[in-house]
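Protein chains: 2
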Amino acid sequence: MRRPMVAARLAAALVCLSVTAYAADAAKPTAPKPTAKAGPVAADVLAAAGPMDWRSPNPENLLYMDLAQGRVIIELAPAFAPAHVDNIRKLVREGWFDGLAVDRVQDNYVTQWGDADNTRTPKTAQTKLAPEFVVRGDAVAKLPFTPLPDRDTYAPEAGYSNGFPAARDAKGREAWLVHCYGMVGVGRDMALDSGSGAELYAVIGQAPRHLDRNITVVGRVLRGMDILSSLPRGTAALGFYDKPEQRIPIAKVRLAADLPPDQRDNLVVLRTDTPTWAAYVEARRNRREDFFPVPAGHVDVCNIPIPVRTAEAKPIQ
Amino acid sequence: MRRPMVAARLAAALVCLSVTAYAADAAKPTAPKPTAKAGPVAADVLAAAGPMDWRSPNPENLLYMDLAQGRVIIELAPAFAPAHVDNIRKLVREGWFDGLAVDRVQDNYVTQWGDADNTRTPKTAQTKLAPEFVVRGDAVAKLPFTPLPDRDTYAPEAGYSNGFPAARDAKGREAWLVHCYGMVGVGRDMALDSGSGAELYAVIGQAPRHLDRNITVVGRVLRGMDILSSLPRGTAALGFYDKPEQRIPIAKVRLAADLPPDQRDNLVVLRTDTPTWAAYVEARRNRREDFFPVPAGHVDVCNIPIPVRTAEAKPIQ
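Protein chains in written order, with UniProt numbering: chain A, 1 to 317; chain B, 1 to 317.
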C-alpha cells in the first residue's frame, strides 16, 4: 500500500477484478481500438530482442561531454543536419567546448551550453550556417521512416527515422526531427543562419514542439539526461544563471571516433525499423501490465524514449 | 550571436527577410491553418489581462509543502476527485506528511513523496478509496470545459476545466484530468482502490498520458516545480533513492485555509474560460514572435502551462 506505481510495476500476477468492466465502459478515443491485454509488455519485447535489433552508433556521430557531474553522450544526426553536424565535429576537434559551461537551465524547457560571454572565435569551424530546420525534396524519400499509427497534434505524420523521433508533412516534401525530451538543438539568434553548433541545448521538459521547423535539431542525448535535467534552474530571464560562478563547467567534449576503442562507451540503441520495434511501439501504445485498467490505445511520438543499453557483446554492424 | 532562443525572445523588432517565403513553403499540418503573424504574442495577452481574468484559488484547495529547498504550492481539484481531495485535507490536518520525505525521483517521469517505509497509520483519513480516475455521467455536464481546437493524440477532446488541463470522451460521458508536467496524482498499488492520497507524485517530464484514466489525479503544482524537477534522480529501480539518507525531507504540509491570511501566498491563476484565455491559447498555437518563421498552428494541451502570478492587489473573487 502507498507504494503506487512502484510495487505496481514490479508485481506481475495480481488480478484486478474490475478491469474488464472498467475497460468496456471507458472512452475509446479514436481508431484503432486499444488491443488491451494481447501481446507482450515492453520489458519482455526488449528482453527478447536479438543482436540485429540493436545498432552501434557511428563513433563519428557520438559526442562525449564531460562535466563534474558525469558524462553526457549525444548521438548526432547527420542525415537531418549534415552541415551542422560537420561543423560541430570541427568545433569539438578544435576544443571549442573545453572549459566553457552550461549557462542556462530553464525549467520544463531546455538546458543550454556554449560560450555565454562570447569570448571565443572558432579557428576552423563556421560561425554561421544556412538553416537545416527541415530536410526537403529528394532527400526526404531517402530517409528511412517508420510512422506511428496515431495522430499527432503538430504534424501530419510522426514516427522514427534512423533512431530519432521525426515528422513529415502530408506530401512527403519535408521531414524534420522533433523536439522530444532529450533532443539536442542548435541555439541561434534571430537571424535564421545565426546558429553554428557553437551553442547547443537539450530539451528537459514537455516537448516544445513549437520549435520544430524553426531551429536546427542535430541529435539526441543517449546517456546523461538525468544530469542535464537535474541541474539547478537559472533564476535570470529565460533560465540563465544570474552569476557566472553558478554556471556548470564543461571539462571537455570529445568525439568517440577520436578516442581509442577501449576508451569508448560501448552503447547500442534499439533500431526503429524492425519487427521488434513495431512490437515495442505496440507495447507502449497499450500497456498490458496489470496496473493499467485502461490501455491508452495511442502513444505520442515523444512518449517512446528509444532504448539505449551498454552492449554486452559487440553487436553486428 | 550564439545566444539562441535568448536574445531571440528578448528582441522584438528584428526583421527576418526570409520569413514569408519559408512559411509559405512549409508544411501545413492540419486545419485550421496557422494564423501566423496576426494577433498579440502571449506576453502581451498576459500584460493586457484584467483582474477578472485571474482567479484566487480557494484556500481549502491549496497545499503548502515546505522542503529545505523551498515551498511547493499545489492546487487541489475537488471537482475531479472530491473524495481524494477530502482525504488529503484530513491527512494534512493530522500532520501526515510532516517529517516524511520525497523518496522517488525518476527522470522524465515523476517525483513522489509519502511514507516510503510504511511506518504510519492515518488517524482520521481513509487508507483506501474508490478510484476517481474519471468523472462520469451527469457530473461531466456540470464541469466547465474549454476545448482546444487541435487534435489530441490520446483523447477525443482535450482542453481546460477549472484551470486544469483535462480531456473528455466523444460522447460527453467521461471527463478526466490529464498528466501534464506539474500535475499531481495519487500513488496506488495494483488494486484500483489502494490509493488514498497518503502518497503523491508530480509529473516532471514528458506528459505520461498513458496514466490518464488509470490513476486518480488530484491537482497541479502552482509554484515550486523547479524544486521538484531538479532534485537528484534516484538510482534504484523506478527512481527510488537507494538509501534512506538520500531522501528529501518534508518539513511540513499545510492547507492555506489553516494559516492566517497574512501567512498565505497570494497567488492568482489565469482563468481558462475567458476571452483572454482564448487569446492566450491562440498566441501559443501560433507564436508570432519574430523568432518563429513557421508558427506551429497547433498546440498540445500540455504545452500551455497555465500562468500563475502573485496578486499585486486582491482580485475580484
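Here a beta-carbon is modelled for each residue, glycine too, at the ideal position from N, C-alpha and C.
For Leu222 (chain A), no pairing in a beta bridge is given by DSSP. Residue range Ile248 to Leu255 is occupied by the beta strand (DSSP E) that includes Ile250 (chain A).
With respect to the C-alpha of Asn303 (chain B), the residue from B:Pro260, B:Asp212, B:Thr216 and B:Gly159 having the closest C-alpha is B:Gly159.
Residue contact with chain A for Tyr154 (chain B): present (Cβ-Cβ distance below 9 Å to some residue of chain A). Contacts with chain B (Cβ-Cβ distance below 8 Å) from the segment 226 to 237 of chain A involve Asp226, Ser229, Ser230, Leu231, Pro232, Arg233 and Ala237, listed in chain order. Two segments are said to touch when three or more pairs of C-beta atoms, one from each, lie closer than 8 Å; by this definition the segment 41 to 53 of chain A does not touch the segment 191 to 199 of chain A.
DSSP places Asp44 (chain A) in the uninterrupted alpha helix (DSSP H) bounded by Ala42 to Ala48. When rounded, the separation of the alpha-carbon atoms in Gly185 (chain A) and Ala202 (chain A) is 6 Å. Secondary structure at Ser161 (chain B): strand, using DSSP grouped into helix, strand and coil. Using a 10 angstroms sphere on the CB of Gln263 (chain B), the tally of other CB atoms stays under 16, which defines it as exposed. Leu211 (chain A) sits in a helix when the DSSP states are folded into three classes. Among the residues of chain B, those whose CB is under 9 Å from the CB of Arg209 (chain A) are Ala296, His298, Val299, Asp300 and Asn303, following chain order. Sequence-ordered contacts of the segment 210 to 225 of chain A with chain B read His210, Leu211, Asp212, Arg213, Asn214, Ile215 and Met225 [C-beta pairs closer than 9 Å]. Ranked by how close their Cα comes to the Cα of Phe80 (chain A), the residues A:Ala175, A:Ser230, A:Ala236 and A:Asn286 have A:Ala175 in first place. Within the segment 264 to 306 of chain B, complete beta strand (DSSP E) segments of at least 3 residues are found at 267 to 270, given in chain order.
Contact between the segment 83 to 97 of chain B and the segment 280 to 293 of chain B is absent, with fewer than three C-beta pairs closer than 8 Å. Nearest C-alpha to Asp117 (chain A) among A:Leu100, A:Glu132, A:Asn61 and A:Gln106: A:Leu100.
Contact holds between the segment 228 to 242 of chain A and the segment 108 to 128 of chain A, because three or more Cβ pairs, one in each stretch, are under 8 Å apart. Between Leu228 (chain B) and Val308 (chain B), the CB-CB gap reaches or exceeds 9 Å. Interface residue (Cβ-Cβ distance to chain B less than 9 Å): Tyr160 (chain A) is not classified as such. Secondary structure in the segment 47 to 73 of chain A: the beta strand (DSSP E) runs of 3 residues or longer, each lying completely within the stretch, are 62 to 67 in chain order. Between Val105 (chain A) and Val221 (chain A), the gap from beta carbon to beta carbon reaches 9 Å or more.
With a cutoff of 9 Å on beta-carbon distance, Ala198 (chain B) and Val178 (chain B) are scored as not near each other. Residue-level contact by beta carbon holds for Val105 (chain B) and chain A, with a gap shorter than 9 Å. At a cut-off of 9 Å, the C-beta of Phe133 (chain A) has a neighbouring C-beta in chain B. The beta carbon of Gln126 (chain A) sits no closer than 9 Å to any beta carbon of chain B. Residue B:Pro165 holds the alpha-carbon nearest to the alpha-carbon of Arg209 (chain B) among B:Pro165, B:Ala170 and B:Thr235.
Taken in chain order, no unbroken stretch of alpha helix (DSSP H) lies wholly in the segment 143 to 187 of chain B with a span of 4 residues or more. Per the DSSP secondary-structure output, Val135 (chain A) pairs in a beta bridge with A:Ala175. CA-to-CA, the gap between Met65 (chain B) and Tyr109 (chain B) works out to about 20 Å.
For Ala202 (chain B), the enclosing beta strand (DSSP E) covers residues Leu200 to Val203.
With a 10 Å radius around the Cβ and a threshold of 16 neighbouring Cβ atoms, Asn87 (chain A) comes out buried. When DSSP states are grouped into helix, strand and coil, Asp258 (chain A) belongs to the helix group. With respect to the C-alpha of Gln126 (chain A), the residue from A:Asp53, A:Ser196 and A:Pro232 having the closest C-alpha is A:Ser196. Here DSSP, grouped into helix, strand and coil, assigns Arg89 (chain B) to helix. With a 10 Å radius around the Cβ and a threshold of 16 neighbouring Cβ atoms, Asp150 (chain B) comes out buried.
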